[in-house]
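Chains W and A, in that order, are what the protein sequence lines are. If you're matching positions, the first sequence starts at 1 in this note's numbering and goes up one per residue. If you're matching positions, the second sequence starts at 356 in this note's numbering and goes up one per residue. Structure first, commentary second.
2 protein chains.
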Amino acid sequence: MERQDHNKYIRRCFELAKQGAGSVSPNPMVGSVIVKNGNIIGEGFHSKFGLPHAEPEAINNCKEDLEGSTLYCNLEPCSHTDKKTPPCVPLIITSGIKKVVISNIDPNPKVSGRGIQQLRSAGIEVVEGVLDEEGNYLNRFFFKYIKAHTPYVTLKIAQSIDNFISKSSDEQTWLTGKESKKYVHHLRSFYDAVLVGANTIKVDNPLLNVRLAEGRDPKIIILDGKLSLLENSSIVKNGNALIVTSKLSDAKKKKRLTKLGIDILEFDTDADSIINIKDMLKKVGEMGTNSILVEGGAEIFSQFISEKLFDELIILTAPVILGTGLSGFRALPETKLKLHENFQIEGDQVSIYLV
Amino acid sequence: MERQDHNKYIRRCFELAKQGAGSVSPNPMVGSVIVKNGNIIGEGFHSKFGLPHAEPEAINNCKEDLEGSTLYCNLEPCSHTDKKTPPCVPLIITSGIKKVVISNIDPNPKVSGRGIQQLRSAGIEVVEGVLDEEGNYLNRFFFKYIKAHTPYVTLKIAQSIDNFISKSSDEQTWLTGKESKKYVHHLRSFYDAVLVGANTIKVDNPLLNVRLAEGRDPKIIILDGKLSLLENSSIVKNGNALIVTSKLSDAKKKKRLTKLGIDILEFDTDADSIINIKDMLKKVGEMGTNSILVEGGAEIFSQFISEKLFDELIILTAPVILGTGLSGFRALPETKLKLHENFQIEGDQVSIYLV
């Protein structure tokens with residue numbers, strides 16, 4: 001019975017936490033609920049990077065006395081002080097809360113169990129690990145980033161039943177439907193950045209924003225070792241992108257692009273100008289990007305898969321057999337994944353795999 | 356309210372009807388429910404080809420007086436007499452039933468609305484078309500067969516995420532899991548026949564029965580224009596298959612196979628011995644087969660898809676990227692399908708497409 005209540009209130013924390021999606025990065029999404037005598041007396045969530053955490057929000061939203069209440073929170077309350085907001089643990093200890101129930105331990109080495117320890121030392125009962133798998137999935141960007149210091153990478157491929165992403169490499173083919181397009185825009189709003197190759201810009205001339213959904217636009221990263229990007233593409237004209245290129249590529253073009261407001265990130269490469277993706281992810285991670293949605297094209301997908309530099313693969317399959325075209329990826333060696341979820345959007349199939 | 360009741364009882368008819376799956380072919384699956392004063396007073400279903408229809412079963416199972424009751428049945432009651440069992444309409448008319456609710460009209464040209472007409476002429480109210488799409492899907496084998504006189508063809512492909520059905524054309528690769536294997540055996544129990552090419556027999560040496568599920572084994576059809584089938588394969592040794600081959604193929608081998616109990620069906624072909632699938636389906640249909648589950652290999656799938664001689668495509672996708680191997684099919688021209696259903700079986704993805 002108690003476990004059922006714990007699940008119920010931690011699920012509510014997840015719901016609240018999600019309201020910070022896209023705004024709290026590189027922080028985790030956190031929600032908190034305070035319960036007394038079987039009633040929720042306060043709720044809160046971390047709404048934006050730099051603003052208060054979920055726990056003080058919930059505490060401040062309480063209209064009743066907190067004495068003897070239970071605080072639910074999907075992440076261990078923080079105990080460290082070298083950051084924008086004061087730590088949550090001392091506030092909880094002095095609030096009258098007698099019990100704290102959490103889903104995940106904060107993997108931040110500055111917390112990592114210390115928050116729980118301090119609560120217990122102060123005589124507060126702590127229950128941990130409630131729905132921890134769901135909690136891990138909710139904050140997968142944060143957990144990856146804080147452990148590996150590189151962004152969580154999701155590959156998003158829209159394809160035919162026979163794995164073709166377009167009819168040919170120089171032709172844009174719309175395979176999936178309108179609702180799937182909205183879904184992709186919705187996805188983008190959760191990621192710090194979207195990444196595409198220069199050929200995708202050339203063929204599709206995309207905007208890569210979230211105009212069909214709510215939320216903020218992600219940063220745009222263009223992987224373009226040879227700097228072959230067309231200067232009249234919409235993204236370049238908007239002056240809003242980070243181009244990752246070789247130190248060997250055209251210096252004059254770099255200057256022109258910089259003048260338009262485009263950021264350039266240069267790497268040492270061999271004469272073939274192929275960017276080492278691992279180095280790129282490390283650097284982009286250092287720049288504060290905790291999550292990237294990779295949207296193509298085929299060569300880019302193949303590189304990420306072959307080097308196993310991805311965490312999630314989302315395949316949208318349109319209900320059509322093309323028969324011929326450009327394959328979404330060809331990548332060795334064999335890679336085992338885990339099917340996390342599959343569902344339909346207006347006749348398209350969505351399959352979400354985790355590494 | 357009345358429509359809700361109709362849906363509820365017609366759904367019950369579908370459930371009852373399914374109990375005849377695999378046993379009633381080439382007849383449709385039919386269930387019937389009799390309702391009086393809001394209570395079910397009798398149920399029945401067509402259990403086996405040659406045995407009574409659902410309606411007399413339901414009527415005979417009634418323990419109460421039928422006067423003023425409503426009969427639900429997923430298919431229009433039959434009115435024709437040139438068959439194994441007496442027609443249902445006269446029995447209904449004399450039973451005291453005042454109302455009949457059905458899902459689908461019987462497409463059999465000998466019935467096709469005549470059953471409904473006769474009921475109405477006798478003063479019985481008839482409601483038709485309740486959940487008719489679901490009814491159409493339930494009896495898709497029957498509807499196809501009675502209209503086209505050829506079997507309903509389903510292609511079942513087990514593959515990797517990147518569309519490979521095995522690591523190479525001469526090596527068996529188990530991609531999907533144990534529960535998916537059980538699901539395939541369950542599928543087989545619904546079909547009159549399974550069909551494979553000779554190379555699948557050579558590489559996999561399968562039994563193609565339903566040993567992991569309940570139900571009866573389907574007939575086995577082997578498409579083998581050149582008669583290259585290995586005589587020491589399990590299926591040949593069991594003496595239980597129909598081999599479809601060219602008139603040009605080895606006459607002595609045909610004799611040896613016939614002695615083992617194997618049936619041979621011969622077709623005129625060019626020197627390349629490739630069987631015309633349309634002709635084959637026509638002939639097999641004439642022999643009473645209303646449904647075929649095509650299980651491989653790649654050349655067979657490609658032929659059926661290219662010639663658009665299939666009604667349903669079931670893809671089981673294992674959560675693995677192989678990187679290289681034998682593609683499940685390569686088929687032109689472009690073919691649009693409809694995603695009917697998708698779900699998971701123990702980490703494998705099942706996608707059911709309809710043509």
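Glycine included, C-beta positions come from ideal geometry on N, C-alpha and C.
* Touch test, the stretch 477 to 494 of chain A against the stretch 454 to 465 of chain A, Cβ-Cβ under 8 Å, three pairs minimum -> The stretch 477 to 494 of chain A, when compared against the stretch 454 to 465 of chain A, does touch it at the 8 Å Cβ threshold.
* 7 Å Cβ cut-off: residues of chain W touching Glu662/A -> Under the 7 Å cutoff, chain W gives no residues; its nearest Cβ is about 13 Å from Glu662/A.
* Ordered along the chain, which non-local residues of its own chain (more than five positions away) have a Cβ less than 7 Å from that of Leu322/W? -> So the qualifying residues of the chain are Ser160, Asp162, Phe164, Lys167.
* Asked: What three-state label does DSSP hand Lys247/W in the structure shown?
  -> Note: Lys247/W maps to coil in three-state DSSP.
* What does Ser706/A reach in chain W if we use C-beta pairs closer than 7 Å? -> The answer, in chain order, is Gln349.
* To do: Give the secondary structure of Ile556/A by DSSP, where H, G and I count as helix, E and B as strand, and everything else as coil.
  => Three-state result, Ile556/A: helix.
* To do: Please confirm whether any heavy atom of the ligand NAD lies closer than 7 Å to the CB of Arg216/W.
  => Questions concerning the ligand NAD fall outside what the structure shown contains, since it holds no ligand whatsoever.
* **Where Ala673/A falls, given that 16 or more other Cβ within 10 Å makes a residue buried** => Burial call: buried.
* Asked: Along the chain, where does the alpha helix (DSSP H) that runs through Lys533/A open and close?
  -> That run of the alpha helix (DSSP H) goes 533 to 543.
* To do: Report the option in Ile396/A, Ser402/A, Val705/A, Asp360/A whose CA atom is closest to the CA atom of His695/A.
  => Looking only at Ile396/A, Ser402/A, Val705/A, Asp360/A, the smallest Cα-Cα distance to His695/A is reached by Val705/A.
* Could you give the DSSP three-state label for Lys391/A: helix, strand or coil? => DSSP places Lys391/A in strand when its eight states are reduced to three.
* Got a sec, what are the start and stop residues for the alpha helix (DSSP H) Cys6/W sits in? -> In the sequence under discussion, the amino acid at residue 6/W is His, which differs from the Cys named in the question. 2 to 18 is the extent of the alpha helix (DSSP H) around His6/W.
* To do: Name, going along the chain, the residues of the stretch 266 to 292 of chain W whose beta-carbon falls closer than 7 Å to a beta-carbon of chain A.
  => Taking 7 Å as the cut-off between beta carbons, none of the residues of the stretch 266 to 292 of chain W comes near chain A.
* Going by DSSP, name the residue or residues bridged to Ser521/A. => Among the bridge pairs identified by DSSP, Ser521/A is matched with Leu681/A.
* Is any beta-carbon of chain A found at less than 8 Å from that of Asn60/W? -> Among the CB atoms of chain A, none fall inside 8 Å of the CB of Asn60/W.
* What does DSSP give as the partner residues of Gln699/A in its beta bridges? -> The partner list for Gln699/A (beta bridge, DSSP) reads Gln704/A.
* Give the single residue among Thr425/A, Gly594/A, Leu585/A, Asn645/A whose Cα lies nearest to the Cα of Ile479/A. => Per the Cα distances, Thr425/A.
* To do: Output the residue ranges of the beta strand (DSSP E) runs that lie fully inside the stretch 408 to 487 of chain A and measure 3 residues or longer, sorted by chain position.
  => DSSP runs (the beta strand (DSSP E)) wholly in the stretch 408 to 487 of chain A: 425 to 430, 454 to 459, 480 to 482.
* May I have the straight-line CA-CA distance separating Glu689/A from Pro151/W, to the nearest angstrom? => If you take the alpha carbons of Glu689/A and Pro151/W, they lie about 38 Å apart.
* Residues of its chain near Ala198/W, where Cβ-Cβ distance is below 7 Å and the 5 sequence neighbours each way are ignored -> Here the set comprises Ile222, Asp224, Ser228, Leu229.
* **Spatial distance of Pro573/A from Lys533/A (CA atoms)** => Computed Cα separation, rounded: 20 Å.
* Cross-chain neighbours of Asp518/A in chain W, by beta carbon under 8 Å -> This sequence places Asn at residue 518/A; Asp is not what is there. Under the 8 Å cutoff, chain W gives Asp162, Asn163.
* Asked: What number of angstroms, rounded off, separates the C-alpha of Asp192/W from the C-alpha of Ile352/W?
  -> About 19 Å.
* To do: Specify the secondary structure class of Gly570/A as computed by DSSP and reduced to three states.
  => In the three-state DSSP reduction, Gly570/A falls in the coil class, being neither helix nor strand.
* Min CB distance Lys336/W to chain A below 8 Å -> A Cβ of chain A is located within less than 8 Å of the beta carbon of Lys336/W.
* Cutoff 8 Å: Ala158/W Cβ touching any chain A Cβ -> Chain A, which has no Cβ nearer than 8 Å to the Cβ of Ala158/W, makes this no.
* To do: Under 7 Å between beta-carbons, which chain W residues line up against Asn697/A? List them in chain order, please.
  => Result: Asn342, Gln344, Gln349.
* **Terminal residues of the alpha helix (DSSP H) in which Lys147/W lies** => Note, Lys147/W: alpha helix (DSSP H), 140 to 148.
* 8 Å contact criterion, which Ser402/A and Gly375/A should meet: CB distance rounded -> Yes, Ser402/A and Gly375/A are in contact; Cβ-Cβ is about 5 Å, under 8 Å.
* To do: Check whether the Cβ of Gly42/W lies closer than 8 Å to any Cβ atom in chain A.
  => Taking CB atoms only, Gly42/W has no neighbour in chain A less than 8 Å away.
* Per DSSP, which one or two residues make a beta bridge with Ala158/W? -> Checking the DSSP bridge columns, you'll see Ala158/W partnered with Leu316/W.
* Is it buried or exposed for Thr81/W, if we count other Cβ within 10 angstroms and need 16 for buried? -> Label assigned to Thr81/W: exposed.
* Identify, in the order they occur along the chain, each residue of the same chain with its Cβ nearer than 8 Å to the Cβ of Tyr500/A, setting aside the five sequence neighbours on each side. => Cβ within range, chain order: Pro381, Pro506, Tyr507, Gly640, Asn645, Ser646.
* Asked: Got a sec: is the Cβ-Cβ distance from Ala653/A to anything in chain W below 8 Å?
  -> At least 8 Å separates the CB of Ala653/A from every CB of chain W.
* Asked: Taking 8 Å as the CB-CB limit, is Gly678/A close to chain W?
  -> Yes, because at least one Cβ of chain W sits closer than 8 Å to the Cβ of Gly678/A.
* Out of Ser249/W, Lys182/W, Ile264/W, Asn232/W, which has the shortest C-alpha to C-alpha gap to Ile220/W? -> Minimum Cα distance to Ile220/W is reached at Ile264/W.
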